[in-house]
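K.L.:
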Amino acid sequence: MALATRTRPPGTDRTPPVPPRFLGSTLGKKTVMAVSGLILLGYLVAHVMGNLKVFFGPGEFNAYGRWLRTMGDPVLHHEWGLWLVRLVLLAAVTAHGVCAYQLSRRDIGARPVAYVHKRRRASYATRTMRWGGVIIALFVVWHLLDLTTLTVNPNAQPGHPYENVVATFSTWYGNAIYLVAMLAVGLHIRHGFWAAAQTLGAGSARRDRALKTAANTLALLLTAGFVAVPVAVMTGVVS
5 MALATRTRPP GTDRTPPVPP RFLGSTLGKK TVMAVSGLIL LGYLVAHVMG
55 NLKVFFGPGE FNAYGRWLRT MGDPVLHHEW GLWLVRLVLL AAVTAHGVCA
105 YQLSRRDIGA RPVAYVHKRR RASYATRTMR WGGVIIALFV VWHLLDLTTL
155 TVNPNAQPGH PYENVVATFS TWYGNAIYLV AMLAVGLHIR HGFWAAAQTL
205 GAGSARRDRA LKTAANTLAL LLTAGFVAVP VAVMTGVVS
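Number 54 in our numbering belongs to position 50 of the sequence shown; there are no gaps in the numbering.
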């Protein structure tokens, strides 16, 4: 006698599709963080290269600022290319921040009772990753108000990015905010690049040393590149 099998009526299978299941998992959220982090890293590399044009004088730096608004011309309308970049960055920042928060809450929920003896983590960058993210997020808001909308830059001149950069870094608070934020960015890159490589399967016993060296070198070069601009203004090299 055959055993009867129970079948679910059509439409009652509540198992979510594979993509939502994956994105809802810890690995999925780490993957989103890794991919969005690499997008933001690519932007930082391009951004620091643009920033260093300040050493070639106001003519070239201001021309670079105008080019940002006309990139894609004549295919794209004025500032459309810039807004496309901004939208991609906004999506990457949102995905990165949301997944970081969700993973943090998940980690806390997994062990609601704190350890009696706190375990020392691998590095300072690892231990301060969360606070570094908060510092960077606050800095991004300040940076936009300072050099994009010119809201908090009292000596800003619309259409003169070189002069606005000099005005910002001619104040002690502008330098302090920027230098602290760039230190946080460097530490974030150092740990984040390594973590992204592990999440995306690039890590291995043979490649770990090279990946750590790449993470350290990239973090050092980007931090030095960003810091070079306020230091140049402070020392009078850029004026």
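We put the CB at the ideal spot given by N, CA and C, even for glycine.
Bear in mind the structure is a predicted one, so any value in this text is a computation, not a measurement.
1. Taking its Cβ as the centre, do 16 or more other Cβ atoms sit within 10 Å of P24, making it buried, or is it exposed?
2. Sorted by chain position, which residues of the same chain lie with C-beta nearer than 7 Å to E64's C-beta, five sequence neighbours on each side aside?
3. Give every residue of the same chain whose Cβ lies closer than 6 Å to the Cβ of A219, excluding the five residues on either side of it in the sequence, and list them in chain order.
4. For L154, which of helix, strand or coil comes out of DSSP?
5. In the structure shown, what three-state DSSP assignment does L42 receive?
6. Leaving out five residues before and five after A188 in sequence, what residues of the same chain have Cβ atoms less than 6 Å from its Cβ?
7. Where does T175 sit, in a helix, a strand or coil, going by DSSP?
8. Does S243 pass the burial test, meaning 16 or more other C-beta atoms within 10 Å, or should it be called exposed?
9. Taking buried to mean at least 16 other C-beta atoms within 10 Å of its own C-beta, is I112 buried or exposed?
10. According to DSSP, is A160 part of a helix, a strand, or is it coil?
11. Are V79 and S174 closer than 8 Å when you measure CB to CB?
12. For A259 and A200, what's the separation of their Cα atoms in angstroms?
13. Could you name the residues of the same chain whose beta carbon sits closer than 7 Å to that of G85, not counting the 5 residues immediately before and after it, in chain order?
14. In its own chain, which residues sit with a C-beta less than 8 Å from the C-beta of V49, not counting the 5 before and 5 after it?
15. What separation, rounded to the nearest whole angstrom, lies between the Cα atoms of E286 and G54?
16. Is DSSP giving H81 helix, strand or coil here?
17. Kindly indicate which three-state DSSP category G137 falls into: helix, strand or coil?
18. The alpha helix (DSSP H) with M75 in it runs from where to where?
19. Out of curiosity, what's the CA-to-CA distance linking A185 and L93?
20. Are the beta-carbon atoms belonging to L154 and P162 less than 8 Å from one another?
21. Out of F26, G32 and Y177, state which residue places its alpha-carbon closest to the alpha-carbon of T203.
P.N.:
Let me lay it out:
1. exposed
2. K57
3. R194, F197 and W198
4. coil
5. helix
6. G136, I139 and I140
7. coil
8. exposed
9. exposed
10. coil
11. no
12. This structure leaves residue 259 out entirely; the chain is present only between 5 and 243.
13. M75 and G76
14. L226
15. Look at the range of the chain in this structure, 5 to 243, and you will see that residue 286 is not part of it.
16. coil
17. helix
18. From DSSP, M75 is part of no alpha helix (DSSP H); its letter is neither H nor E.
19. 18 Å
20. yes
21. G32
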